[in-house]
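Numbering (our numbering), first residue to last: 213 to 575.
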């Protein structure tokens, strides 16, 4: 049996849930008989919906008996919004289970594998492990680190500037790059900006031109409550909630501003500590597992300095803004060599340079 080939097919099936399974992982499953024929396929498509193993076993029916199950993540062994999958696997008569990675959820974490082994199922773990880790980096970060998976995104001129002058709104990227940004917004749980970005750019922060099946949370990191209630962002609440992360002291010192923002529809999240790690933990508790930091440089510097960035995406435009332009984060904070899975791709006249800063593993 070609375990790698079938696991890659299962990983491709898992992609059908991208953007719709949060806070759950993306999972794909195949049931393959002894002749190498795929008799069942399944993917976890939406949080609260049936798990991939359930769909694949239902698809296979009686043909699952004596077959091999390929699953990109350990079958669960607990009851959440749906029932446990591991007993269904053994009940269906699966003879062998090939699993890409163990589930780091403390409610599972090896218990599903133990359930299979105790009932005579031959279990192999680790096939296409690296691909599975990359695919579910968001879920793994959330489970292992107790915070959202953070992607840092910036648009830069070819000479490393983000704006022509301090306080100047400077669009840099072209249509192809902008389309990709909006496709990403259609997938993630939340996008975040600093208050300076709101004051300078007054952005909408909505996904445009790309279908999104659930609300998009917009987060403003605003320790001093500088966000104006008239910000365009607060006119887009039909696209999803707006959370303003601030300090409890700032909210107490300026109750009128806090009330005005609440009246405009913002949800204030006042925290006892004003550091970014505390803010990210609070966002995880609010149900956010993936966060794209879109700007500006102050927020980007803070995230890099606190070692809270998991992936980097830099859109580099061919224009040069010159020495009067606003620098991004300064030297020494990020280097091409420290990125893993590095790649660069042309998007029209712009180049997207991206990579991962860390790989979150289940061991």
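Cβ atoms here follow ideal geometry from the backbone N, Cα and C, with glycine treated the same way.
No experiment lies behind these values; they were computed from the predicted model shown.
4 or more residues per run - each alpha helix (DSSP H) lying fully within the region 351-397 | The qualifying runs are 387-397.
Own chain, CB closer than 7 Å to residue 221, minus 5 neighbours either side, in chain order = 242
CB-CB under 6 Å to residue 234, same chain, minus the five flanking residues each way: which ones, in chain order?
-> 401, 501
Under three-state DSSP, which class holds residue 296?
-> coil
Buried or exposed: which applies to residue 214, given that a residue is buried once 16 or more other Cβ atoms fall within 10 Å of its Cβ?
-> exposed
Compare the C-beta of residue 423 with all C-beta atoms of chain B and state if any pair is closer than 8 Å.
-> The structure shown contains no chain B; it holds only a single protein chain.
Of the residues 563, 489, 459, which one's Cα is nearest the Cα of residue 153?
-> Residue 153 is absent from the structure shown; the chain starts at 213 and stops at 575.
Using CA coordinates, which residue listed in 273, 449, 412 is at the minimum distance from residue 439?
-> 412
Could you give the residue range of the beta strand (DSSP E) that holds residue 554?
-> 552-559
Can you list, in chain order, the residues of its chain whose CB lies under 6 Å from that of residue 236, leaving out five sequence neighbours each side?
-> 259
Going by DSSP, what residues sit across from residue 514 in a beta bridge?
-> Answer by DSSP bridge pairing: none, since residue 514 is not bridged.
When DSSP labels each residue in this structure, what does residue 427 get in the three-state scheme?
-> In the three-state scheme derived from DSSP, where H, G and I count as helix and E and B as strand, residue 427 is classed as coil.
Determine, using beta carbons only, whether residue 485 and residue 437 come nearer to each other than 8 Å.
-> No. Outside cutoff.
If you drop the 5 nearest sequence neighbours on each side, which residues of the same chain put their C-beta closer than 6 Å to that of residue 232?
-> 258, 425
Roughly how many angstroms lie between the CA atoms of residue 219 and residue 375, to the nearest whole one?
-> 45 Å
CA-to-CA distance, residue 452 to residue 429, given in whole angstroms | 5 Å
Given residue 407 as reference, the closest of 423, 390, 435, 383 once Cα atoms are compared = 435
Name the DSSP beta bridge partners of residue 402, please?
-> 429, 503
Taking Cβ to Cβ, would you say residue 363 is nearer than 8 Å to residue 327?
-> no
CA-CA distance, residue 380 and residue 497?
-> Their backbone Cα atoms lie some 35 Å apart in a straight line.
Any alpha helix (DSSP H) of 4 or more consecutive residues that is wholly inside the region 451-503 = 460-465, 467-475, 488-497
Exposure of residue 543, with buried meaning 16 or more beta-carbon neighbours within 10 Å = exposed
Could you check what DSSP says for residue 321 in three-state terms: helix, strand or coil?
-> coil
Please report the residue range of the beta strand (DSSP E) in which residue 251 lies.
-> 250-255
DSSP three-state assignment for residue 575, whether helix, strand or coil = With a pLDDT of 39 at residue 575, under the threshold of 50, the modelled position of this residue cannot be trusted; read the value that follows with caution. It is coil, neither helix nor strand.
Among 562, 569, 537, nearest to residue 552 - alpha-carbon criterion | 569
Tell whether a beta-carbon distance below 8 Å holds between residue 419 and residue 398.
-> yes
Can you say whether residue 561 is buried or exposed, counting buried as having 16 or more other CB atoms within 10 angstroms of its CB?
-> exposed
Simplified DSSP state of residue 268, which is helix, strand or coil | helix
When burial is assigned at 16 or more other CB atoms within 10 Å of the CB, is residue 519 buried or exposed?
-> Per the 10 Å Cβ criterion, exposed.
Check whether the Cβ atoms of residue 319 and residue 286 sit closer than 8 Å, and answer yes or no.
-> no
What residue range is occupied by the uninterrupted beta strand (DSSP E) comprising residue 334?
-> Segment 334-337, the beta strand (DSSP E) holding residue 334.
Buried or exposed: which applies to residue 356, given that a residue is buried once 16 or more other Cβ atoms fall within 10 Å of its Cβ?
-> exposed
Where the alpha helix (DSSP H) through residue 284 begins and ends = Residue range 280-285 is occupied by the beta strand (DSSP E) that includes residue 284, with no alpha helix (DSSP H) assigned at that position.
Residue 563, enclosing beta strand (DSSP E) - first and last residue = 562-568
Of the residues 248, 537, 390, 555, the one placed nearest residue 276, counting alpha carbons only | 248
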